[in-house]
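To start, the structure itself, in structure tokens.
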Amino acid sequence: MQKHLIKLSQFARAALKYAVSALILAIPLYPKFPFLRLPGVAVSIRLEDFVIGIVLIIFLFAIGPKISRVLRLKVTKLTALFVLAGLFSVIAGIVITDTVVAHVGLLHWARRVEYLSMFFVGLYSLSKKENLHFYVRVIFIIIPLVFLYGLGQRYFNIPIITTQNAEYARGVALRWIAGSHLISTFAGHYDLASFLILVFPTFYLLLTAKGETLKKLMPQTNKFLTRAIIMTVVAMSLWLMMQTASRISIVSYLGTSCLALLLTNRKKFIPFVIVVSFVFAAFSSNLVDRYMNIINVYAQEEVAAPPPPVVEDRSTSIRLNVEWPRAIRAVTKNPISGLGYSSITLATDNDYLRMLGEIGIVGFVSFFVLFGHIVLRLIKNFPAASTNKVEDLFLVGILCSIPGILLNMVFIDILEASKFAIMMWLMLGMAYGLTLKNEKN
-10 MQKHLIKLSQ
0 FARAALKYAV
10 SALILAIPLY
20 PKFPFLRLPG
30 VAVSIRLEDF
40 VIGIVLIIFL
50 FAIGPKISRV
60 LRLKVTKLTA
70 LFVLAGLFSV
80 IAGIVITDTV
90 VAHVGLLHWA
100 RRVEYLSMFF
110 VGLYSLSKKE
120 NLHFYVRVIF
130 IIIPLVFLYG
140 LGQRYFNIPI
150 ITTQNAEYAR
160 GVALRWIAGS
170 HLISTFAGHY
180 DLASFLILVF
190 PTFYLLLTAK
200 GETLKKLMPQ
210 TNKFLTRAII
220 MTVVAMSLWL
230 MMQTASRISI
240 VSYLGTSCLA
250 LLLTNRKKFI
260 PFVIVVSFVF
270 AAFSSNLVDR
280 YMNIINVYAQ
290 EEVAAPPPPV
300 VEDRSTSIRL
310 NVEWPRAIRA
320 VTKNPISGLG
330 YSSITLATDN
340 DYLRMLGEIG
350 IVGFVSFFVL
360 FGHIVLRLIK
370 NFPAASTNKV
380 EDLFLVGILC
390 SIPGILLNMV
400 FIDILEASKF
410 AIMMWLMLGM
420 AYGLTLKNEK
430 N
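Each residue of the sequence shown is one higher than the one before, counting from -10 in my numbering.
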């Protein structure tokens, strides 16, 4: 029996590489069609949940003999603490404050656990460092497909599936109209933009890497072709980013990309990144209009009396007048444990306020203790600035993307966007796994 379990575990370890690759492909590319509707819940069970389930089963068989080692990791204990804090908030919302419907709150909690589980899949998926090269090549496949689908939405009326409100989340097929945001295969323009922030620093670091690094990344091609492929992926990503017209995401993207280049002694490429980004931005009339709208609002507010009618920046107004005050009221009602997951409707457009309102100070602190531990470990294992190893560049790229993600969280509920959250935790887990590998070497 023991022999069969060992063989099963070995098979699962070999299969995990391809299961994770399938996950990397499926999550960004498969539109969020509902598969099973649940009564009284805006969020549906989707086919991606079954893909995740299969990956988790393979993962559990793969780590079977090493489960005790995984459980002893500090990051595992901190994750368990955060998960329990969230569960406590849901129970308190059901029993004490009566702000949560039991099955809805538990489903929202289970969603967070599902997203978090991808961290450990990513951590263990690097049983060999070479697996990372394979995953990066898979990501290079994703971008052209997301680009082509976005191009089809923009110019050929390919359907849009979004979950930006409860009605659309039922799987209503929409069409792109002039002046709207591009979302491609994602569920909203913010999660597409945030996903790009996650990968852009790594793309730029690989684009400027030495020839031997590119040869290791794509051994089947020469360095010139590999660099051309990466440059094409960057250009497609830039077009997608600008077409999302997410103002805060553009700032985050530029900041994180320039930071990655600065920290790896590639500062001479920063002007190129800035100039090319502004060129792409200039061709997005929607993005230009949105920035001009901010300028017009503040310019008109400065006009002396009698003032003309002030043009309103709608997204800012909704946040300041509706969503953020609602979350703050939730915090004041139960600051310790919050009102429970699902208690603050579908959107707050500020993940910090949403977290405080839903899971209170206890959950908020436990989350940032976990997140802080991950970040500090990546910083501790920061490679030499002159490095050109694919693994080191990936670790730096993911680490440098974090400030941009934290900035986006001020204006977006990005940790609740499944496509982004799953990919973020998966890639954070891979980066964390690299630090464990480095300690063994």
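Here a beta-carbon is modelled for each residue, glycine too, at the ideal position from N, C-alpha and C.
Own chain, CB closer than 6 Å to residue i, minus 5 neighbours either side, in chain order
{"i": "residue 47", "result": "1, 4, 5, 8"}
{"i": "residue 219", "result": "195, 196"}
{"i": "residue 54", "result": "-2"}
{"i": "residue 344", "result": "353"}
{"i": "residue 10", "result": "127"}
{"i": "residue 26", "result": "33"}
{"i": "residue 231", "result": "269, 270, 273, 276"}
{"i": "residue 422", "result": "112, 115"}
Whole-angstrom distance between residue j and residue i, CA atom to CA atom
{"i": "residue 378", "j": "residue 233", "result": "32 Å"}
{"i": "residue 371", "j": "residue 208", "result": "26 Å"}
{"i": "residue 191", "j": "residue 386", "result": "4 Å"}
{"i": "residue 363", "j": "residue 416", "result": "12 Å"}
{"i": "residue 181", "j": "residue 409", "result": "7 Å"}
{"i": "residue 411", "j": "residue 216", "result": "28 Å"}
{"i": "residue 134", "j": "residue 222", "result": "10 Å"}
{"i": "residue 304", "j": "residue 175", "result": "20 Å"}
{"i": "residue 296", "j": "residue 237", "result": "29 Å"}
{"i": "residue 310", "j": "residue 80", "result": "30 Å"}
{"i": "residue 318", "j": "residue 77", "result": "20 Å"}
{"i": "residue 212", "j": "residue 248", "result": "25 Å"}
{"i": "residue 312", "j": "residue 322", "result": "16 Å"}
{"i": "residue 204", "j": "residue 251", "result": "24 Å"}
{"i": "residue 171", "j": "residue 146", "result": "12 Å"}
{"i": "residue 52", "j": "residue 95", "result": "27 Å"}
{"i": "residue 137", "j": "residue 324", "result": "46 Å"}
{"i": "residue 235", "j": "residue 183", "result": "9 Å"}
{"i": "residue 117", "j": "residue 187", "result": "23 Å"}
{"i": "residue 397", "j": "residue 349", "result": "21 Å"}
For residue i, the residue or residues it bridges with in DSSP
{"i": "residue 162", "result": "150"}
{"i": "residue 25", "result": "34"}
Residue i, DSSP secondary structure in three states
{"i": "residue 333", "result": "coil"}
{"i": "residue 300", "result": "Confidence is the limiting factor: at residue 300 the pLDDT is only 48, short of 50, which leaves the residue's position unreliable and the question unanswerable from this model."}
{"i": "residue 187", "result": "helix"}
{"i": "residue 171", "result": "coil"}
{"i": "residue 326", "result": "coil"}
{"i": "residue 120", "result": "helix"}
{"i": "residue 115", "result": "coil"}
{"i": "residue 200", "result": "helix"}
{"i": "residue 377", "result": "coil"}
{"i": "residue 272", "result": "coil"}
{"i": "residue 7", "result": "helix"}
{"i": "residue 424", "result": "helix"}
{"i": "residue 179", "result": "helix"}
{"i": "residue -1", "result": "helix"}
{"i": "residue 68", "result": "helix"}
{"i": "residue 86", "result": "coil"}
{"i": "residue 13", "result": "helix"}
{"i": "residue 20", "result": "coil"}
{"i": "residue 392", "result": "helix"}
{"i": "residue 317", "result": "helix"}
{"i": "residue 416", "result": "helix"}
{"i": "residue 133", "result": "helix"}
Extent of the continuous alpha helix (DSSP H) to which residue i belongs
{"i": "residue 59", "result": "56 to 61"}
{"i": "residue 215", "result": "212 to 233"}
{"i": "residue 243", "result": "236 to 252"}
{"i": "residue 255", "result": "Neither: residue 255 is in no alpha helix (DSSP H) and is coded neither H nor E."}
{"i": "residue 344", "result": "340 to 369"}
Sequence-distant residues of its chain with Cβ nearer than 8 Å to residue i (five each side left out)
{"i": "residue 419", "result": "111, 112, 114, 115, 121, 124, 383, 387"}
{"i": "residue 308", "result": "338, 339, 400"}
Contacts around residue i, its chain only, beta-carbon distance under 7 Å, and the 5 residues preceding and following it disregarded
{"i": "residue 106", "result": "45"}
{"i": "residue 21", "result": "35, 150, 152, 176"}
{"i": "residue 15", "result": "37, 40"}
{"i": "residue 65", "result": "59"}
beta-carbon residue i near the ligand ADP non-hydrogen atom, thresh 8 Å
{"i": "residue 11", "result": "As presented, the structure is devoid of all ligands, the ligand ADP included, so that no description of it is given."}
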